Amino acid sequence: MSAVERVLIVGGGIAGMALAIGLQRASIAAEIAEIDPDWRVYGAGITITGPTLRAFDRLGLLGRIEAEGFCSEAARICDQNGNVILASRVAGQPLGPRIPNSGGILRPVLHRILSEATRASGARVRLGMTADGLEQNGDRVAVRFSDGSSESFDLVVGADGIHSRIREMAFPDAPKPAFTGQGCWRAVIARPVEIDRPQVYVGGPVKAGVVPVSRDEMYLFVLQHVPDNPRMPEARWPELLEEQLRGFGGVLGAIRDRLDASARINYRPLEKLLVPPPWSQGRVVLIGDAAHATTPHLASGAGLAVEDALVLCELLVSESAIEAALSRFLQRRYERCRMVVENSAKLGELEMQKSAPQQQAELSRASMLTLAESI
Ligand SMILES: Cc1cc2nc3c(=O)[nH]c(=O)nc-3n(C[C@H](O)[C@H](O)[C@H](O)COP(=O)(O)OP(=O)(O)OC[C@H]3O[C@@H](n4cnc5c(N)ncnc54)[C@H](O)[C@@H]3O)c2cc1C
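Just so you know, we're using numbering that gives the first Met the number 0 here: the sequence shown kicks off at 0 and counts up by one.
Written out as C-alpha cells, the structure is:
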C-alpha cells in the first residue's frame with residue numbers, strides 16, 4: 000500500500016509535470032494547480048545533459064525528446080575563435096547504451112511534450128489557480144485555493160519554482176534567492192550544419208556557447224558579469240548582446256554580425272537558492288527550483304527537477320509511512336542537489352575572476368561525473 004492516495008502539486012513546470020506523470024502511472028491521484036491561466040513557458044532553448052536524458056528516459060519521454068529536440072555527442076570546448084581545445088565526454092559511458100551524451104530542445108517544445116504527457120496521464124490540471132492557505136490536520140492538508148474553494152489532500156508538493164509561495168508559507172525562515180553577479184543572454188538562431196553538438200567557448204571576453212535544439216535551430220547563450228545587476232531595457236537587447244560578442248571570431252562572430260530582433264533574444268539575471276534541510280514540513284514538501292535553484296553552469300536544473308519527481312514517486316510507492324518517504328527523499332536528493340547549486344555558483348565565480356579555462360573544465364568534468372552516478 001503506498002504512503003498516499005491523493006496529492007496536490009502546486010506549479011505545473013518541469014518538476015510538477017514530471018511528478019504528476021509518475022504519480023498517475025503509480026495509480027496515485029495527482030492534481031496540478033498552475034497559476035498561469037495559459038500555462039505558457041518563456042525562454043529560448045534548454046540543454047539536456049546525459050543524466051537529464053536518463054531521467055527523461057525513466058519518465059518514458061526520451062523518444063519524443065530525441066525526435067523533437069537534438070541529441071548528440073557531448074560538448075566541444077573551444078577557444079574564442081572556435082578552435083577546439085577539448086572534446087568532452089562523460090568517461091566510460093556510465094549512462095547506458097541507449098542514453099545520448101547530450102541534447103538540447105526549445106523550452107516551448109519540451110513544455111508541450113511534458114504537458115501532453117501530463118494530460119494523457121489523467122492528472123487533473125487546474126490553470127489560473129494557486130493555493131492561498133495550507134492547514135495541516137493530522138494526516139491531511141486542507142488547502143484553500145485562490146478561487147475560494149477548499150479541498151484536502153494526503154500530501155502537498157511545492158513545485159512552484161525559485162520564488163515559491165509554498166516555500167514562503169511552509170518554510171517562512173528559508174533563505175531567499177540570491178543574485179550571483181552574472182546575467183544570462185539567450186537567443187535562437189539558425190543552425191549551421193557544422194554545429195552538430197553543443198560548443199562552449201572559454202577564455203574569451205565572456206563565456207558563451209551554442210546548443211543545437213532541432214535540425215534547423217540552435218540557441219546561443221552568453222554569461223555576462225554584471226556586479227550591479229543593471230536593468231537591461233528590452234528594446235536594446237540586440238545591441239547589448241552584440242556588444243558582449245565583440246572579440247569573438249568563428250561561429251560566434253558570424254552570429255554577432257547577423258543578430259537582430261528576430262533572434263528571440265532573452266536576458267535574465269542569475270539567482271541561486273539552496274533550502275537547508277529539511278525540505279518537508281509535515282505533509283508539505285518542496286521539489287525542483289522551489290528547494291534548490293541553480294545557475295545554468297552545469298545545465299542541470301531541469302534534470303534535478305525530473306530526478307526529484309522520479310525519486311519522490313518511487314518512495315511514495317515503496318514506503319508505507321509518509322514520514323519515512325519524505326525523510327528518505329531528502330537523504331537521496333540533498334547532497335546531489337547541493338553539489339549542483341554550489342559547483343554551478345563556483346563556476347560562475349571562476350568565470351567572473353577570469354580563472355584558467357582548465358580549472359573551470361576540471362570542475363565541470365568532476366561535477367558531471369558525479370551526476371552520471373545513479374540516483
Ligand atoms: C537562464 C537559465 C538557463 C537555464 N538553462 C538550463 C539548461 O540549459 N538546462 C537545465 O537543465 N536547466 C536549466 N535551467 C534551470 C531550469 O530552467 C530549472 O531548474 C527548471 O525550470 C526548474 O523547474 P521547476 O518545475 O522546479 O520550476 P519552474 O520551471 O520555474 O516551474 C514552476 C511552475 O510553477 C508555476 N508557479 C509559480 N508560482 C506559482 C504559484 N504560486 N502557484 C501555482 N503555480 C505557480 C509557474 O508558472 C511554473 O509553471 C536554467 C535556468 C535559468 C535561469
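C-beta: ideal position from N, C-alpha, C; glycine also.
Note that the structure is a prediction, hence the values are computed from the model and not measured.
Item: So is the beta-carbon of Ala14 under 6 angstroms away from any non-hydrogen atom of ligand 3?; Value: No copy of ligand 3 appears in this structure; the ligands present are ligand 1.
Item: Residues in its own chain within less than 6 angstroms of Pro204 by CB, not counting five upstream and five downstream?; Value: Gly246
Item: Identify the residues that DSSP records as bridge partners of Leu126: which are they?; Value: Glu33
Item: Here's the rule: buried if 16 or more other CB atoms are within 10 angstroms of the residue's CB, otherwise exposed. What is Phe69?; Value: buried
Item: Is Glu33 near Leu126, with beta carbons less than 7 angstroms apart?; Value: yes
Item: Pull the bridge partners of Thr369 from the DSSP assignment, please.; Value: Thr369 is not bridged to any residue.
Item: Short of 6 angstroms in beta carbon distance, which residues of its chain neighbour Ser343, apart from the five on each side in sequence? Order them along the chain.; Value: Thr293, Thr294, His296, Leu297
Item: Within 10 angstroms of its Cβ, does Lys206 collect 16 or more other Cβ (buried), or is it exposed?; Value: buried
Item: From what residue to what residue does the alpha helix (DSSP H) around Ala17 run?; Value: 13-24
Item: In this structure, what does DSSP give as the bridge partners for Arg267?; Value: Cys183
Item: Rounded to whole angstroms, how far is the Cβ of Ala304 from the Cβ of Asp288, which I believe are closer than 8 angstroms?; Value: 7 angstroms
Item: The alpha helix (DSSP H) that contains Phe170, what's its start and end?; Value: Element bounds for Phe170: n/a, residue is neither H nor E.
Item: Does the Cβ of Arg118 lie closer than 6 angstroms to at least one heavy atom of ligand 1?; Value: no
Item: Where does Ala320 sit, in a helix, a strand or coil, going by DSSP?; Value: coil
Item: Would you say the beta carbon of Glu167 is closer than 6 angstroms to some non-hydrogen atom of ligand 1?; Value: no
Item: By a C-beta neighbour count over all protein chains shown, 10 Å radius and 16 as the cutoff for buried, is Ser354 buried or exposed?; Value: exposed
Item: Give the DSSP bridge partners of Tyr218, in chain order.; Value: Val187, Val210
Item: Counting pairs of Cβ atoms below 8 angstroms between the region 61-76 and the region 257-273, do you hit three or more?; Value: no
Item: From the DSSP output, in three-state form, read off Ser354 for me.; Value: coil
Item: Measuring only from the beta carbon, is Cys183 closer than 6 angstroms to any heavy atom that is part of ligand 1?; Value: yes
Item: Terminal residues of the continuous beta strand (DSSP E) containing Phe152?; Value: 149-152
Item: Just to confirm, does Gly10 get its C-beta within under 6 angstroms of one of the non-hydrogen atoms of ligand 1?; Value: yes
Item: Which residue's Cα is closest to the Cα of Asn100: Met128, Pro50, Gly180?; Value: Pro50
Item: Indicate, with yes or no, if ligand 1 has a heavy atom lying under 6 angstroms from the CB of Arg337.; Value: no
Item: How many angstroms separate the CA atom of Val310 from the CA atom of Val210?; Value: 28 angstroms
Item: What's the C-alpha gap between Asn136 and Gly157?; Value: 18 angstroms
Item: Considering only their Cβ atoms, is the gap separating Val284 from Leu325 smaller than 7 angstroms?; Value: yes
Item: If you reduce the DSSP assignment to three classes, tell me which class Gly103 lands in.; Value: strand
Item: Can you name the residues that DSSP bridges to Ser279?; Value: Val284
Item: Please identify the residue among Ile98, Pro237, Ser366, Gln23 whose C-alpha is closest to the C-alpha of Ala260.; Value: Pro237
Item: Shorter than 6 angstroms, the distance from the beta carbon of Glu33 to the closest heavy atom of ligand 1, or not?; Value: yes
Item: What residues in its chain sit with their C-beta under 7 angstroms from that of Val212, if we drop five residues either side in the sequence?; Value: Gly44, Gly68, Phe69, Gly103, Ile104, Leu105, Tyr218
Item: For the alpha helix (DSSP H) containing Ser55, name the first residue and the last one.; Value: Note that residue 55 is Phe in the sequence shown here, rather than Ser. Phe55 -> alpha helix (DSSP H) spans 49-57.
Item: Would the C-beta of Ala371 count as close to ligand 1, meaning under 6 angstroms from any of its heavy atoms?; Value: no
Item: Please name the residue, chosen from His291, Ile194, Thr369, Gly302, that lies closest to Ala253 on a Cα-to-Cα basis.; Value: Ile194
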